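Contents: one structure, followed by commentary.
Residue numbers (full-length UniProt numbering): 1 to 154.
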């Protein structure tokens, strides 16, 4: 609503990904619409969505241009979420995003507290039998330095 005349009117903001002339946009809008060149995208979005003179619920279609987003928006989102929500953007920026996450988003893993039970004794006294009865999901390490067949057993 216009604050000086009280007249209802539509307020809008258009962004074209490719350059358009002022006259071309006016023609596309029907020629009778008041059109102004955008000088600052963020300011234009704030002006068109201000609550003081709003009537009803604003509608949006499409995506905001990248330059209208909050600075560093991508730093707050996981790489998986970026691929899910912004796949085209990630195709262009994936190496920089990956480098950023490697440098600044160090992942610390919470280790569960371990319980260690040591069964000690001479051969044939039931150590292996006792170990198998304590835990269902166990791994017996073969002799030698390799851990072949280990897949995260307890």
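All C-beta atoms, glycine included, are put in the ideal place defined by N, C-alpha and C.
Values in this document were obtained by computation on a predicted structure and should not be read as measured data.
Open item on the list: Can you tell me where the alpha helix (DSSP H) holding residue 91 begins and where it ends?
Closed with: As a first step, residue 91 must be located in the chain shown, where it is residue number 91. 87-104 is the span of the alpha helix (DSSP H), which, as asked, contains residue 91.
- [ ] Label residue 74 either buried or exposed according to how many other C-beta atoms from any shown protein chain fall within 10 Å of its C-beta, with 16 as the threshold for buried.
- [x] The residue given as residue 74 occupies position 74 in the chain shown. Residue 74 counts as buried, since at least 16 other C-beta atoms from the protein chains shown sit within 10 angstroms of its C-beta.
Open item on the list: With distance defined between alpha-carbon atoms, name the residue in 25, 55, 49 and 17 nearest to residue 6.
Closed with: For the purposes of this step, residue 6 is taken as residue 6 along the chain shown, with counting starting at 1. For residue 6, the closest of 25, 55, 49 and 17 by C-alpha to C-alpha distance is 55.
Open item on the list: Please report the distance separating the alpha-carbon of residue 97 from that of residue 79.
Closed with: Here residue 97 corresponds to residue number 97 of the chain shown, with the count starting at 1. Here residue 79 corresponds to residue number 79 of the chain shown, with the count starting at 1. Roughly 8 Å separates the two Cα atoms.
Open item on the list: Using the three-state DSSP reduction, which class does residue 114 fall into: helix, strand or coil?
Closed with: As a first step, residue 114 is located in the chain shown; it is residue number 114 there, counting from the start. In this structure, DSSP gives residue 114 a state outside helix and strand, which the three-state scheme calls coil.
Open item on the list: Could you check whether residue 37 and residue 16 sit closer than 8 Å to each other, using their CB atoms as the reference points?
Closed with: The residue labelled residue 16 in the question sits at position 16 within the chain shown. The residue labelled residue 37 in the question sits at position 37 within the chain shown. With respect to residue 37, residue 16 sits apart: the two C-beta atoms are not nearer than 8 Å.
Task: Nonlocal neighbours in the same chain, by C-beta distance under 7 Å from residue 161, ignoring five residues either side - done: Residue coverage of the chain in this structure runs from 1 to 154, which leaves residue 161 outside it and unanswerable.
Open item on the list: Quick check: the Cα distance between residue 131 and residue 119, rounded to an integer number of angstroms?
Closed with: Residue numbering aside, residue 131 sits at position 131 when the chain shown is read from its first letter. Residue numbering aside, residue 119 sits at position 119 when the chain shown is read from its first letter. Rounded to whole angstroms, residue 131 to residue 119 spans 8 Å at the Cα level.
Task: Beta carbon of residue 104 nearer than 8 Å to that of residue 48 - done: Position 104 of the chain shown holds residue 104. Position 48 of the chain shown holds residue 48. Result no, Cβ atoms of residue 104 and residue 48 do not sit closer than 8 Å.
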